[in-house]
Amino acid sequence: MIPPPMSERNPTPADVREFDSALDTSPQDLERLLERVGRRLAAFVAEIGAQPAQAADQHDSSAAWVREALPERPAPLDDVLDLLFGQVVPAAFNTASPGYLAYIPGGGLVSAAAAELIAAVVNRYTGLWISAPGPVDLEANAVRWLVELMGMPASALGVLTSGASLSTLIAMVAAREKIVGDGVSRATVYVSRETHHIVQKAARVAGVPAANVRTVGVDASYRLRVDELEDAVADDRLRGLLPFFVCGSAGTVNTGAIDPLDDIADFASRDGLWFHVDGAYGAAFRLVPELAGVLRGMERCDSLAMDPHKGLFLAYGTGALLVRDPADLRRAYAATGSYLPAMRDSGAGIDYCEHTPELSRDWRGLRLWLPLKLHGAGAFRDALRDKRRLALEVYAAIAAEPDVEIAAPPELSLFAFRQRVAGDGHDGHGGDTAAQNRHNRELLARVNAPRRIMLTGTEIDGVFWLRCCVLHLRTRDERIAEAIALLRAELAAGRR
Ligand SMILES: *Cc1c(COP(=O)(O)O)cnc(C)c1O
161 MIPPPMSERN PTPADVREFD SALDTSPQDL ERLLERVGRR LAAFVAEIGA QPAQAADQHD
221 SSAAWVREAL PERPAPLDDV LDLLFGQVVP AAFNTASPGY LAYIPGGGLV SAAAAELIAA
281 VVNRYTGLWI SAPGPVDLEA NAVRWLVELM GMPASALGVL TSGASLSTLI AMVAAREKIV
341 GDGVSRATVY VSRETHHIVQ KAARVAGVPA ANVRTVGVDA SYRLRVDELE DAVADDRLRG
401 LLPFFVCGSA GTVNTGAIDP LDDIADFASR DGLWFHVDGA YGAAFRLVPE LAGVLRGMER
461 CDSLAMDPHK GLFLAYGTGA LLVRDPADLR RAYAATGSYL PAMRDSGAGI DYCEHTPELS
521 RDWRGLRLWL PLKLHGAGAF RDALRDKRRL ALEVYAAIAA EPDVEIAAPP ELSLFAFRQR
581 VAGDGHDGHG GDTAAQNRHN RELLARVNAP RRIMLTGTEI DGVFWLRCCV LHLRTRDERI
641 AEAIALLRAE LAAGRR
């Protein structure tokens with residue numbers, strides 16, 4: 161039973177005073193609150209496998225809570241939890257579901273959620289080392305684990321961000337300050353046709369003219385063509401422009417392609433460009449020793465954006481930027497005020513506010529540290545290895561179908577595919593691109609319709625592809641077997 165909106169109910173004594181104290185929660189209140197929230201969360205996790213893979217389309221935008229007046233009185237916790245778990249949380253892509261194979265799956269690691277709770281309750285101020293040397297040193301230690309895992313030099317520095325978008329922007333501004341100075345109107349940035357749009361966005365925010373973002377071509381496996389990159393940079397130099405930033409992808413969103421990172425690193429260092437790697441999806445796979453080879457060259461970057469909220473299974477909101485030379489960040493972000501203590505720019509102790517645009521920040525390092533500490537790196541390595549194994553299973557099953565075209569075999573745990581429709585293009589459902597695209601969009605809709613899995617699609621050069629990305633911590637053999645059966649059945653239906 162869904163309770164009526166709070167504003168329509170008569171307040172009961174419990175509405176007015178559910179807890180012993182008001183804002184300043186007593187220890188007893190805290191325990192009661194966490195116990196009841198904990199029960200709901202445990203129930204949520206217990207039934208996650210039975211929940212639909214997505215229910216965003218069932219959201220009722222006219223529900224009273226969508227535009228409820230600011231409540232003046234307290235509401236009973238159980239009513240609020242009923243509303244959240246009954247109506248609000250389900251109206252979404254089920255990004256906590258084992259069937260979530262869409263986009264790049266995130267995580268929702270419960271140990272990281274516990275860390276988030278601890279960080280918020282103790283509420284330490286981690287923008288400045290001096291205000292929380294213990295928490296900041298613990299965070300810095302966890303970020304050094306990332307530096308080490310990514311194979312970057314021990315002198316590199318990491319900062320945790322909200323995600324790869326912010327990591328990329330922070331890196332690009334650092335590169336601009338280092339290489340471009342006040343010549344930003346001539347500054348040029350290099351991406352491939354398959355690079356994530358966040359790099360274009362970062363360029364815009366960093367003041368790089370839109371006309372100065374060069375999109376170079378890709379090879380048959382959707383990897384950046386270094387020869388085209390070299391030509392584009394040479395051309396721009398001749399025209400008096402200032403090339404400064406090239407982005408290589410360690411796993412693109414469309415097809416999972418890994419750019420020739422070693423070759424880009426060679427060229428960038430020869431030519432004085434800042435080499436940034438977008439490892440939002442793929443970088444975490446470097447934990448798996450047998451995959452380090454496909455990511456070779458990544459560790460030579462000037463900056464690497466990785467997303468613990470993808471490949472390390474954390475909840476959304478934790479990205480990481482690793483920068484080879486910490487001085488590059490300080491050049492761009494160091495600033496101080498007379499009301500602040502003196503910054504420490506070297507030696508022990510990091511002032512995070514000198515390395516990113518933020519001053520106040522949450523203690524986000526705890527949600528990286530606690531899971532690594534509690535589960536051990538081995539658990540992450542095993543999970544990543546397993547996601548790749550499962551992706552290869554889907555790939556092998558789908559690639560064996562006679563009329564399926566695969567964009568490129570999965571280098572990590574993601575691949576794009578489509579069903580080719582027989583015909584000459586003149587019979588109404590034949591070989592022309594529009595008909596092929598329509599056919600594959602319908603295939604995607606049919607595969608998603610039972611809500612057991614959620615795939616998404618993409619368009620490359622006007623051609624529509626379905627994508628499958630296995631990266632969710634809860635995706636295991638049973639759901640993959642179900643996904644394969646579903647795909648086979650709908651591919652067969654597409655032939656009739
Ligand atoms: C997810 C993703 C991004 C965007 O990262 P956010 O964390 O959403 O800002 C960029 N590049 C790639 C390859 C991604 O997978």
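Take the sequence shown: its letter number 16 is residue 176 in the numbering used here, and every next letter is one higher. Beta carbons: idealized from backbone N, C-alpha and C, even for Gly.
On the criterion of 16 or more Cβ atoms from any shown chain inside 10 Å, does residue 348 qualify as buried, or is it exposed?
Numbered from its first residue, the sequence shown carries residue 348 at position 188. Buried, by the Cβ-count rule.
Hey, residue 424 and residue 571: beta-carbon distance below 9 Å or not?
As a working mapping, residue 424 is identified with position 264 in the sequence shown. As a working mapping, residue 571 is identified with position 411 in the sequence shown. Result no, Cβ atoms of residue 424 and residue 571 do not sit closer than 9 Å.
CB residue 258 to CB residue 634, shorter than 9 Å?
Residue mapping note: residue 258 aligns to position 98 of the sequence shown, counting from 1. Residue mapping note: residue 634 aligns to position 474 of the sequence shown, counting from 1. Yes, the Cβ-Cβ distance between residue 258 and residue 634 is below 9 Å.
Start-end ranges of the alpha helix (DSSP H) lying completely within the stretch 402-474, minimum 4 residues:
Counting only runs of 4 or more, we get 421-431 and 468-471.
At what residue ranges does the stretch 524-597 contain a whole run of the alpha helix (DSSP H), taking only runs of 4 or more?
Entirely contained in the stretch 524-597, the alpha helix (DSSP H) runs reaching 4 residues are, in chain order, 525-535 and 537-559.
Jot down the residue ranges of each uninterrupted beta strand (DSSP E) in the stretch 329-386, minimum 3 residues, whole runs only, in chain order.
Whole beta strand (DSSP E) segments, 3+ residues: 347-352 and 373-376.
Check whether the stretch 544-560 touches the stretch 443-457, counting contact only when three or more Cβ pairs, one atom from each stretch, lie closer than 8 Å.
Touching, yes, given that three or more Cβ pairs across the two stretches are closer than 8 Å.
Taking the Cβ atom as the reference point for each residue, do residue 647 and residue 566 lie within a distance shorter than 9 Å?
Within the sequence shown, the letter at position 487 stands for residue 647. Within the sequence shown, the letter at position 406 stands for residue 566. No.
Flag this pair as yes or no: are the beta carbons of residue 289 and residue 297 separated by less than 9 Å?
Here residue 289 refers to the residue found at position 129 when the sequence shown is read from its first residue. Here residue 297 refers to the residue found at position 137 when the sequence shown is read from its first residue. Closer than 9 Å, so yes.
Can you name, in chain order, every residue of its own chain whose Cβ lies under 7 Å from the Cβ of residue 343, other than the five neighbours on each side?
Sequence index remark: in the sequence shown, residue 343 carries index 183 (1-based). Around residue 343: 402.
Kindly indicate the opening and closing residues of the alpha helix (DSSP H) around residue 305.
What you label residue 305 is simply residue 145 of the sequence shown in a count that begins at 1. Annotation for residue 305: the continuous alpha helix (DSSP H) segment containing it runs 293-309.
CB of residue 615 within 9 Å of CB of residue 631, strictly:
Here residue 615 is taken as the residue at index 455 of the sequence shown, counted from 1. Here residue 631 is taken as the residue at index 471 of the sequence shown, counted from 1. Not closer than 9 Å, so no.
Proximity winner among 319, 389, 212 and 562, relative to residue 256 (alpha-carbon distances)
Sequence index remark: in the sequence shown, residue 256 carries index 96 (1-based). Comparing Cα-Cα distances from residue 256 to each of 319, 389, 212 and 562, the minimum goes to 212.
Whole angstroms is fine: what's the gap from residue 209's alpha carbon to residue 229's?
Counting from one through the sequence shown, the residue named residue 209 turns up at place 49. Counting from one through the sequence shown, the residue named residue 229 turns up at place 69. Each residue's alpha carbon lies about 35 Å from the other.
Following a CB-centred definition, is residue 632 positioned closer than 8 Å to any heavy atom of ligand 1?
Counting from one through the sequence shown, the residue named residue 632 turns up at place 472. Residue 632: no, Cβ never under 8 Å from ligand 1.
Rounded C-alpha distance that separates residue 187 from residue 222:
Within the sequence shown, numbered from 1, the residue matching residue 187 stands at position 27. Within the sequence shown, numbered from 1, the residue matching residue 222 stands at position 62. Take the alpha-carbon of residue 187 and the one of residue 222: they are about 38 Å apart.
Please determine if the stretch 374-387 and the stretch 350-362 are in contact, where contact requires at least 3 C-beta pairs separated by less than 8 Å.
Per the Cβ contact rule, the stretch 374-387 is in contact with the stretch 350-362 (3 or more Cβ pairs under 8 Å).
Beta carbon proximity, residue 425 to chain C, threshold 9 Å:
Protein chain content of the structure displayed is limited to a single chain, and chain C is not contained in it.
Are residue 317 and residue 303 touching if we call contact CB-CB under 9 Å?
In the sequence shown, counting from the first residue as 1, residue 317 sits at position 157. In the sequence shown, counting from the first residue as 1, residue 303 sits at position 143. Yes; because the gap between Cβ atoms is below 9 Å, this pair is in contact.
Since I believe residue 405 is in contact with residue 433 (beta carbons under 8 Å), could you give me their beta-carbon distance rounded to a whole number of angstroms?
Here residue 433 corresponds to residue number 273 of the sequence shown, with the count starting at 1. Here residue 405 corresponds to residue number 245 of the sequence shown, with the count starting at 1. With a Cβ gap of about 7 Å, residue 433 and residue 405 count as contacting.
Within a Cβ cutoff of 7 Å, which residues of the same chain sit near residue 478, ignoring the five residues on either side of it in sequence?
Taking the sequence shown and counting its residues from 1, one reaches residue 478 at position 318. Cβ-Cβ distances below 7 Å link residue 478 to 320, 468, 469, 524, 527 and 528 in the same chain, with the five nearest sequence neighbours on each side left out; the list follows chain order.
Tell me where the alpha helix (DSSP H) around residue 639 begins and ends.
By one-based count along the sequence shown, residue 639 stands at place 479. That run of the alpha helix (DSSP H) goes 637-653.
Do you know how far the Cα of residue 462 is from the Cα of residue 670?
The first residue shown for the chain is 161 and the last is 656, placing residue 670 beyond what the model contains.
Bridge partners of residue 510, per DSSP?
Numbered from its first residue, the sequence shown carries residue 510 at position 350. Answer by DSSP bridge pairing: none, since residue 510 is not bridged.
Local conformation of residue 627 per DSSP, three classes:
Taking the first residue of the sequence shown as 1, we reach residue 627 at position 467. DSSP places residue 627 in strand when its eight states are reduced to three.
Taking the C-alpha atoms as reference points, what is the distance between residue 181 and residue 194?
Reading the sequence shown from its first residue, position 21 is the one you call residue 181. Reading the sequence shown from its first residue, position 34 is the one you call residue 194. Their backbone Cα atoms lie some 15 Å apart in a straight line.
Are there three or more Cβ pairs, one per stretch, closer than 8 Å when the stretch 323-338 is compared with the stretch 475-493?
Yes, they touch.
Going by C-alpha distance, which of 573, 541 and 460 is nearest residue 556?
Reading the sequence shown from its first residue, position 396 is the one you call residue 556. Nearest to residue 556 by alpha-carbon distance, out of 573, 541 and 460, is 573.
Start and end of the beta strand (DSSP E) containing residue 620?
Position 460 of the sequence shown holds residue 620. Counting along the chain, the beta strand (DSSP E) containing residue 620 begins and ends at 616-620.
How is residue 605 classed by DSSP in three states: helix, strand or coil?
Here residue 605 refers to the residue found at position 445 when the sequence shown is read from its first residue. Here residue 605 sits in helix by DSSP.
Tell me, which residues are paired with residue 320 by DSSP?
Along the sequence shown, read from residue 1 onward, the residue named residue 320 stands at position 160. The partner list for residue 320 (beta bridge, DSSP) reads 480.
With a threshold of 8 Å (Cβ to nearest heavy atom), would residue 285 be considered close to ligand 1?
What you label residue 285 is simply residue 125 of the sequence shown in a count that begins at 1. False, no ligand heavy atom lies under 8 Å from that Cβ.
Any heavy atom of ligand 1 within a distance shorter than 8 Å of the CB on residue 412?
Position 252 of the sequence shown, counting from 1, holds the residue named residue 412. Because some heavy atom of ligand 1 lies under 8 Å away, the Cβ of residue 412 counts as near it: yes.
For residue 322, collect the residues of the same chain with a Cβ closer than 7 Å to its Cβ; drop the 5 residues on either side in sequence, then sort them by chain order.
If you number the sequence shown from 1, residue 322 lands on position 162. Hits under 7 Å: 477 and 479.
Classify residue 245 as helix, strand or coil using the three-state DSSP reduction.
On the sequence shown, residue 245 is found 85 positions in, with the first residue counted as 1. In the structure shown, residue 245 sits in a helix (DSSP, three-state: H, G or I).
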